[in-house]
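Q: All letters in the sequence shown, in the order written, are residues 0 to 176 by numbering that gives the first Met the number 0. Quick one: structure below, then a few questions.
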Amino acid sequence: MRILFDLFPVILFFVAYKMGDIYLATGVAIVASIAQIGWLKLRGRPVDNMQWVSLAIIVVFGGMTLLLHDETFIKWKPTVLYGLFAVALLVSRYAFGRNLITAMMGRQVALPPPIWDRLNLAWTVFFASLGVLNIVIAYRFSTDAWVNFKLFGSLGLTVLFVIGQALWFSRHVIEEN
């Protein structure tokens, strides 16, 4: 359910694009993102920092897309978001000595510290690569292809990455007595 909830604005963006155009889809994504955060707040649930950052980016880049009637801004939104994730992982680890991947997954899985560091680096490279791939597709392919990639391509690559990382780190799990 959490994954579907997180994908809610992206799915609505995709549907609105298929029914209308990029500008309708952008407006729908902004409203859906605001509604998503509003729903969490109304239910008394915590809003992750990542969700706040994502909301700010969709409002800024989506707003610029609508205001300037230029789809370039919304196409940059995923790259900016992925770039911020990559930078946050690196800065938190090497400037503050805090591994965010360990903080997110450490309660579910016990791994040796060097494995957590490799996992953090792997996610950093993954997010940076996804950001670059997004821009390549945005500039080299049609808007239709980009919208399809935004939902299916990035989601598919993320699922493959998660499965690959799970297979890799399962060899290093520390068994509790």
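Glycine included, every Cβ here is placed at the ideal spot set by N, Cα and C.
(1) Would you mind giving the Cβ-Cβ distance between Leu150 and Ile10, rounded to the nearest angstrom? I have them listed as a contact below 8 Å.
(2) Mapping the DSSP letters down to three states, classify Pro8 as helix, strand or coil.
(3) Below 8 Å on the Cβ atoms is my guess for Leu54 versus Ser32; work out the distance and round it to an integer in Å.
(4) Give the straight-line distance between the Cα atoms of Ala85 and Arg42, rounded to the nearest whole angstrom.
(5) Of all the beta strand (DSSP E) runs that stay within the bounds of the region 25-50, which reach a length of 3 or more residues?
(6) For the 8 Å Cβ check, are there 3 or more pairs between the region 129-148 and the region 103-113?
(7) Is the separation between the beta-carbon of Thr25 and that of Ile73 shorter than 8 Å?
(8) Where does Ser141 fall in DSSP's three states?
(9) So the candidates are Gly130, Ile36, Met18; which of them puts its Cα closest to the Cα of Phe7?
(10) Measure from the alpha carbon of Trp167 to the alpha carbon of each residue in Tyr138, Phe12, Ala121, then state which is nearest.
(11) Taking Val27 and Phe4 to be in contact with their CB atoms under 8 Å, please state how far apart those CB atoms are, rounded to whole angstroms.
(12) What separation, rounded to the nearest whole angstrom, lies between the Cα atoms of Ala15 and Leu23?
(13) Keeping to the same chain, check which residues put their C-beta closer than 8 Å to that of Trp51; ignore five residues upstream and five downstream.
(14) How would you call Asn176, buried or exposed, if buried means at least 16 neighbouring beta carbons within 10 angstroms?
A: If we stick to the structure as given:
(1) Translated into positions along the sequence shown, residue 150 becomes position 151. Translated into positions along the sequence shown, residue 10 becomes position 11. Yes, they are in contact, since the Cβ atoms of Leu150 and Ile10 sit about 7 Å apart, within 8 Å.
(2) Counted from its first residue, the sequence shown places residue 8 at position 9. Of the three classes helix, strand and coil, the one that applies to Pro8 here is helix, per DSSP.
(3) Reading the sequence shown from its first residue, position 55 is the one you call residue 54. Reading the sequence shown from its first residue, position 33 is the one you call residue 32. Indeed they touch by this definition, with Cβ atoms about 5 Å apart.
(4) Position 86 of the sequence shown, counting from 1, holds the residue named residue 85. Position 43 of the sequence shown, counting from 1, holds the residue named residue 42. Cα-Cα distance, rounded: 30 Å.
(5) none
(6) no
(7) Locating residue 25 in the sequence shown gives position 26, where the first residue counts as 1. Locating residue 73 in the sequence shown gives position 74, where the first residue counts as 1. For Thr25 and Ile73, yes; Cβs fall inside 8 Å.
(8) Locating residue 141 in the sequence shown gives position 142, counting from the first residue. Note: Ser141 maps to coil in three-state DSSP.
(9) Taking the first residue of the sequence shown as position 1, residue 7 is located at position 8. Out of Gly130, Ile36, Met18, Ile36 has the C-alpha closest to the C-alpha of Phe7.
(10) As a working mapping, residue 167 is identified with position 168 in the sequence shown. The shortest C-alpha separation from Trp167 is found at Ala121.
(11) Position 28 of the sequence shown, counted from the start, is the residue given in the question as residue 27. Position 5 of the sequence shown, counted from the start, is the residue given in the question as residue 4. At roughly 16 Å, the Cβ-Cβ gap does not stay under 8 Å, so Val27 and Phe4 are not in contact.
(12) Position 16 of the sequence shown, counting from 1, holds the residue named residue 15. Position 24 of the sequence shown, counting from 1, holds the residue named residue 23. Computed Cα separation, rounded: 6 Å.
(13) Position 52 of the sequence shown, counted from the first residue, corresponds to residue 51. Excluding sequence neighbours, Trp51 sits near Ile36.
(14) By 1-based counting over the sequence shown, the position of residue 176 is 177. Residue placement at Asn176 is poorly supported in this model, since its pLDDT is 45, which falls under 50; the coordinates still yield a value, given next. Its Cβ having fewer than 16 others within 10 Å, Asn176 is exposed.
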